[in-house]
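A short worksheet on the structure shown next.
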Amino acid sequence: MSGDLVFLGAGNMAEALLQGVLHNARWPRERLVVTDIVAERREKLAHQFGVRALADNAAAVRGAALVVLAVKPQVLLGVLAGIRAALPAEALVLSIAAGVPTGRIEAALSGAARVVRAMPNTPALVGCGAAAICAGRQATADDLAVAERLLGAAGLVVRVAEKDMDAVTALSGSGPAYVFYLMEAMLEAARRMELPAAVAQPLVYATIKGAAELIQQQGLPPQELRRRVTSPGGTTAAAMDVQDRRQVMAALVEAMLAAHRRAGELARG
Ligand SMILES: NC(=O)c1ccc[n+]([C@@H]2O[C@H](COP(=O)([O-])OP(=O)(O)OC[C@H]3O[C@@H](n4cnc5c(N)ncnc54)[C@H](OP(=O)(O)O)[C@@H]3O)[C@@H](O)[C@H]2O)c1
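Note that the numbering used here has the sequence shown beginning at 2, numbered continuously upward.
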């Protein structure tokens, strides 16, 4: 692609993606541009990554081949209105704004804009993200490949139909919070068992990471791996009995369905 890669919004996600782009996707540094209304923020990224930083979104997109919309959803429409006249007709637009449909972005631009929408998650900050992408009406197979390459520099990327974006939001977008919640429960149990936090924390973090690694490497369903650590009458069985009695699985599924419903409400505006 010839032209700049421009990040509008120099927040956490832009930082994570920039890091991935520079380390893994090897986009030429001199073609990277970030903008932010907060001077401190854009200067931080400019200094950290040696990229150009601008305050003016319209000026930033003028030479763009790819524009990443990395501002919060609440301000997105205002940002789009500001760049509409300056955006080159051939530029691809990649939105990571949660819950904003491609149709709304296309309508706020020229209508003919090529838009790819992505739903990343926060582990992208450490290169272990899980993102889904979908194409807007005008986006091509090449556009999806470009988006995949950019986000792939910060973790896993899957392609979905736009109708499935709310489900992705509920699953992997909010997903890290569910895992942190489990960690909180494990640490609270450790506290009640009078295990020092300095001992419990590394054990909990390594257990979650180890379980995730094990399932990836062995390729077995979670039920099977759970069965293998649950001997009849043993300690894990005692824990699972309580979880079954308290219907923890049903509560978790219900929680994710609530996230799905809320994602739909937010997307409808
Ligand atoms: N973090 C996540 O877990 C996650 C997951 C999936 C998707 N996303 C999406 O990723 C996007 C970015 O999230 P984030 O966590 O990186 O947000 P963030 O840290 O708040 O970054 C957005 C940045 O854009 C700045 N900004 C606001 N208005 C602007 C404008 N008109 N022009 C240029 N910059 C402007 C913000 O400044 P102020 O702070 O002063 O407003 C902030 O520095 C959001 O749309 C979010 O929905 C986030």
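Ideal placement from N, C-alpha and C gives every residue a C-beta, glycine not left out.
As assigned by DSSP and simplified to three states, the class of residue i
i, result
"residue 30", "helix"
"residue 63", "coil"
"residue 294", "For residue 294 there is no data in the structure shown, the boundaries of the chain being 2 and 270."
"residue 17", "helix"
"residue 209", "helix"
"residue 53", "strand"
"residue 12", "coil"
"residue 103", "helix"
"residue 231", "coil"
"residue 37", "coil"
"residue 130", "strand"
"residue 180", "helix"
"residue 267", "helix"
"residue 46", "helix"
"residue 113", "coil"
Check whether residue i and residue j have beta carbons under 8 angstroms apart
i, j, result
"residue 9", "residue 101", "no"
"residue 68", "residue 159", "no"
"residue 53", "residue 11", "no"
"residue 156", "residue 125", "yes"
"residue 188", "residue 199", "no"
"residue 132", "residue 145", "no"
"residue 167", "residue 104", "no"
"residue 58", "residue 84", "yes"
"residue 98", "residue 170", "no"
"residue 40", "residue 56", "yes"
Cut-off 7 angstroms between Cβ atoms - residues of its own chain near residue i, not counting five sequence neighbours on either side
i, result
"residue 148", "95, 117, 119, 134"
"residue 44", "54"
Best match in the options for proximity to residue i [C-alpha to C-alpha]
i, options, result
"residue 90", "77, 97, 114", "114"
"residue 18", "206, 130, 61, 167", "130"
"residue 259", "197, 172, 163", "172"
"residue 61", "49, 37, 46", "37"
"residue 261", "111, 174, 81", "174"
"residue 107", "185, 70, 58, 122", "70"
"residue 1", "58, 59, 143, 80", "Nothing in the structure corresponds to residue 1, since the chain is present only between 2 and 270."
"residue 140", "180, 165, 112", "112"
"residue 150", "223, 241, 229, 22", "22"
Cut-off 6 angstroms between Cβ atoms - residues of its own chain near residue i, not counting five sequence neighbours on either side
i, result
"residue 78", "109"
"residue 244", "none"
"residue 33", "6, 52"
"residue 138", "none"
Neighbourhood of residue i by C-beta, 8 angstroms cutoff - its chain only, sequence neighbours within 5 removed
i, result
"residue 162", "135"
"residue 232", "238"
"residue 208", "187"
Quiz item: Which ranges does the beta strand (DSSP E) cover as unbroken runs of at least 3 residues, wholly within the segment 148–175, from first to last along the chain?
Solution: Runs of the beta strand (DSSP E) inside the segment 148–175: 156–160.
Quiz item: Where are the alpha helix (DSSP H) runs, 4 residues long or more, that stay fully inside the segment 73–98, in chain order?
Solution: The qualifying runs are 74–84.
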